[in-house]
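Asks: Dropping a structure here in C-alpha cells format, bear with me for questions.
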Amino acid sequence: MNKLLMMLGSILLISGLACSIFAVSEIIKHEEAQSESIKEAKRIILKDSGENSDNLDSIKIENDYEVGEVIGILAIPELKREVPILSGTNEDELEKGVGHYSTTALPGQNNRIFLAGHRDTVFKKMGELQKGDRLTVQMETGVHEYEIYATLVVDENDLSVLEPTSPEEILTLSTCYPFEYLSSTEERFIINAKKIK
C-alpha cells in the first residue's frame, strides 16, 4: 500500500511539474511572439514615418492589410504596456498581440476601430483601466490618442460593439470576461475610448 501511495505521489508530482513547465513555455512563447511583432511594428512605423515625415496625412488609409500582418502598436500607459496590433482576430494573430477586426475602421477613418486580445496575455489587468485613462495607437499614418469614456460587459454574441460610430472615431477593446476564468467564457469586457488627437 505504501509503495502504491509513493508511486501515485510521484506520478502526481511529475504531472504537476510537466504542467507547470508547459504553462511557462507557453507564456515564454507568447512573449517572444509579441516581442518580435513589436519590433516589426516599430520598423514599419519608423520606416514609413521617416519617408513621409513631412506629410503623414498623405498616406492613404486603407484596410487592405493581409491577415497576420503587423499594422501598428497599442500603448496602454496606465499598465505600462505596448502590444503589437495585427490584422485579423484568429488565434495566430491573438497569440502575437491584439487583433484588428478587419470589417472595422483604422485610426484616422472617423469610425469604430475594434481590437481584441486575450485576457491572460496582452490584455492582462485590463480591468484596472478606468474612465479618463489614455490609449495610444501608433501606425504608419501617425500617432492617434484616445481617452477611455466607458467600460461594460456584454454577451459574446452582442454585435452592437461592432456597429459603426461615424463620424465619431471610437477605439473599442475587447477581451474575455470574467478575467479569472481559465477556459473560454460567454461574456466580453469592453472598453470604449474617444479620439482626442
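Heads up: the sequence shown begins at 1 in full-length UniProt numbering, then just goes up one per residue.
No residue lacks a Cβ here, since even glycine has one placed at the ideal position from N, Cα and C.
Please read these numbers as outputs of a predicted model, since none were measured by experiment.
Alpha carbon to alpha carbon, how far is I59 from T141?
Replies: Since pLDDT at I59 reaches only 40, below the 50 mark, its modelled position is unreliable, and the value read off the structure follows with that caveat. Looking at the two C-alpha atoms, the distance is approximately 6 Å.
Asks: Determine which residues share a DSSP beta bridge with Y177 and list them.
Replies: In DSSP, Y177 forms a bridge with E187.
Asks: Please report the distance separating the alpha-carbon of E145 from that of S184.
Replies: Rounded to the nearest angstrom, the two C-alpha atoms are 31 Å apart.
Asks: Could you tell me which residues DSSP puts in a beta bridge with Q138?
Replies: DSSP output for Q138 lists I73 and V143 as bridge partner(s).
Asks: Give me the Cα-Cα distance between residue 198 and A193, rounded to the nearest whole angstrom.
Replies: Look at the range of the chain in this structure, 1 to 197, and you will see that residue 198 is not part of it.
Asks: Given a cut-off of 8 Å on the beta-carbon distance, is the pair S87 and I71 in contact?
Replies: Yes, Cβ-Cβ distance for S87 and I71 is below 8 Å.
Asks: Please state if the CB of T89 and the CB of L162 are separated by a distance shorter than 8 Å.
Replies: No, they are not a contact pair.
Asks: In terms of residues, what are the limits of the beta strand (DSSP E) holding L162?
Replies: That residue, L162, is in no beta strand (DSSP E); it is neither H nor E in DSSP.
Asks: Using three-state DSSP, classify F22 as helix, strand or coil.
Replies: F22 falls in the helix class under three-state DSSP.
Asks: I'd like the span of the beta strand (DSSP E) that includes L115, first residue to last.
Replies: Where L115 is concerned, the enclosing beta strand (DSSP E) stretches over R112 to A116.
Asks: For L115, which option in S102, S15, G16 and M7 has the closest C-alpha, if you only look at C-alpha atoms?
Replies: The candidate whose alpha carbon is nearest that of L115 is S102.
Asks: Report the CB separation of I76 from L135 in whole angstroms; it is logged as a contact under 8 Å.
Replies: Correct: roughly 6 Å between the Cβ atoms.
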